[in-house]
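Numbering (the numbering used here), first residue to last: 50 to 515.
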């Protein structure tokens, strides 16, 4: 009788007597290695990511998460909300829609980059050398993934610009904007290990992957282009010969009307929304993959721009008017128009206490986020603090180091990981990518630069209406 059959017979006898059989070592080894192989195959080809597992769990628990967090025995996600937020931000970029570092450089340091202590740690007395809300140590502490550097210059004096914004005050705005753009270039170059000045979304993702903070540029107010589409194109091509360059949005107005649109910050309206010059501007923005930004604009300007733009729309730093009745805040009518338009969009929420109202703290800020997201959807909201450009800050969100506290608060309110990844940066990156697709299609269709000039629209200098 073969050895194998003898072994089997012996084991059958042991089973009848109740004794434990001795397993063949070769069979045991084979089973062990087979199990290891199956685990490896499942890990590489079928296993869900940690994010997807936690996302599924949080989605299942979402309806009762608030109650769980407030209970005497909160669930694991609430107990570890801060760690969970930090882990998420280490893998997915938080991109702030509006940060005024260049303004601080201009007004505090006279644009002398070498004098700005942007990389210096906190002082012994607990203050920061930059005095503002933003510097490299706090950005790193807050696990920032990047932000839009705002190129802002003050509006021309409304009594001197001329009825159709034709006077030389608009030319000064172009000069000052060029200086702001140069400041951004200098600072991102000086701290190139920390910042990546990028144009495309692909380049942004690569910068984040390599540990650098994504740096886009937003120009705050179309007065900055001095009534000139030529100036807009020059800004767009300053840092790149390709489309898109780092300039990724243009706020159509600041606190003043301009040759293209009405502002929320000045009355009475000049154009009742968009001017006759605006269609040419919006065409160029779409062609250059620069997103029209509706923060600061009048309600009519916002509604008309949503109709006029071929590409996505954004509000880089706006709070909800439903909480604080200010012309500067975005009304429900504009939010609903964005939804009805079927165009992609993102509304990035401003943190200025004077705009968010109520308790003027992190909780109130989150209420704005949730209110807006209930109208436009969680796939269409983001962070747009206005840090370094606001005079006061919400309690609990005092500077960029507190970004994890914001995300932690949303974790406690039941936001899933998928929703959080979109909120912190995924939504705005999708909008920018959509603008890139529109620009690419326009080029394929043969769209050319629009060379409409101020004089073509408003008449020659000899007929200026002063």
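C-beta atoms are modelled at their ideal positions from N, C-alpha and C, and glycine is treated no differently.
query                                                                                                                                                                                        : result
For residue 507, is the classification buried or exposed, using 16 other Cβ atoms within 10 angstroms of its Cβ as the cut-off for buried?                                                   : buried
Under three-state DSSP, which class holds residue 257?                                                                                                                                       : helix
Going by DSSP, name the residue or residues bridged to residue 299.                                                                                                                          : 268 and 341
Does the distance from the CB of residue 496 to the CB of residue 336 come in under 8 Å?                                                                                                     : yes
Considering only their Cβ atoms, is the gap separating residue 233 from residue 151 smaller than 8 Å?                                                                                        : yes
So, using beta-carbon positions, are residue 433 and residue 345 closer together than 8 Å?                                                                                                   : no
Measuring straight from C-alpha to C-alpha, what distance separates residue 463 and residue 307?                                                                                             : 43 Å
Only counting the same chain, and skipping five residues up and downstream in sequence, which positions put a Cβ closer than 6 Å to that of residue 186?                                     : 170
How is residue 184 classed by DSSP in three states: helix, strand or coil?                                                                                                                   : coil
Would you list, in sequence order, the uninterrupted alpha helix (DSSP H) runs of no fewer than 4 residues that lie entirely inside the segment 327-389?                                     : 327-336 and 348-357
What three-state label does DSSP hand residue 110 in the structure shown?                                                                                                                    : Residue confidence for residue 110 is low, a pLDDT of 41 falling below 50, so the modelled location carries little weight and cannot support an answer.
Nearest to residue 343 by alpha carbon, out of 373, 476 and 384?                                                                                                                             : 384
Should residue 143 be listed as close to the ligand FMN, given that the test is whether its C-beta is under 7 Å from any heavy atom?                                                         : Questions concerning the ligand FMN fall outside what the structure shown contains, since it holds no ligand whatsoever.
Taking the C-alpha atoms as reference points, what is the distance between residue 457 and residue 448?                                                                                      : 15 Å
What ranges does the alpha helix (DSSP H) occupy inside the segment 401-445, keeping only unbroken runs of at least 4 residues that lie completely in it?                                    : 402-405 and 411-425
Within the same chain, show all residues whose beta-carbon is closer than 6 Å to that of residue 491, passing over the 5 residues directly before and after it, in chain order.              : 336
Would you check if the segment 367-375 and the segment 403-421 touch, i.e. whether three or more CB-CB distances between them fall below 8 Å?                                                : yes
CA-CA distance, residue 111 and residue 465?                                                                                                                                                 : Low confidence applies to residue 111: its pLDDT is 44, below 50, so where it sits in the model is not reliable, and the reading given next is rough at best. Their backbone Cα atoms lie some 8 Å apart in a straight line.
Pairs of beta-carbons, one from the segment 237-256 and one from the segment 301-316, closer than 8 Å: are there three or more?                                                              : no
Closer than 6 Å by C-beta to residue 477: which residues in its own chain qualify, once you throw out the five before and the five after it? Chain order, please.                            : 144, 395 and 431
If the criterion is Cβ atoms closer than 8 Å, does the pair residue 542 and residue 315 meet it?                                                                                             : An answer regarding residue 542 cannot be provided, because it is not within the stretch 50 to 515 covered by the chain.
With distances taken from CA atoms, which of 264, 328, 474 and 223 is nearest residue 499?                                                                                                   : 328
Counting along the chain, where does the alpha helix (DSSP H) carrying residue 483 start and finish?                                                                                         : 476-493
Please work out which residues of its chain come closer than 8 Å, Cβ to Cβ, to residue 285, disregarding the five sequence neighbours upstream and downstream, and give them in chain order. : 292, 293, 294, 296, 337 and 339
Which residues in the same chain have their Cβ closer than 6 Å to the Cβ of residue 326, if we skip the five residues on either side of it in sequence?                                      : 308, 309 and 506
What is the rounded straight-line gap between the Cα of residue 321 and the Cα of residue 351?                                                                                               : 11 Å
Leaving aside the five residues before and after residue 435 along the sequence, list all residues of the same chain whose C-beta is less than 8 Å from its C-beta, in chain order.          : 147, 148, 149, 366, 399, 400 and 401
Tell me, which residues are paired with residue 310 by DSSP?                                                                                                                                 : 323
Bridge partners for residue 196 per DSSP, in chain order?                                                                                                                                    : 145 and 264
Can you tell me the Cα-Cα spacing of residue 57 and residue 131, whole angstroms?                                                                                                            : Any reading at residue 57 must be qualified, since the residue scores a pLDDT of 46, below 50, and its modelled position is unreliable; no value is offered.
Residue 355 and residue 391: beta carbons closer than 8 Å?                                                                                                                                   : no
Please return the same chain residues whose Cβ sits closer than 6 Å to the Cβ of residue 474, not counting the five positions on each side in sequence.                                      : 142, 143, 144 and 194
When DSSP builds the beta bridges, which residues end up paired with residue 246?                                                                                                            : 264
Can you find the residues in the same chain that come closer than 7 Å, C-beta to C-beta, to residue 422, ignoring five residues on each side of it along the sequence?                       : 430
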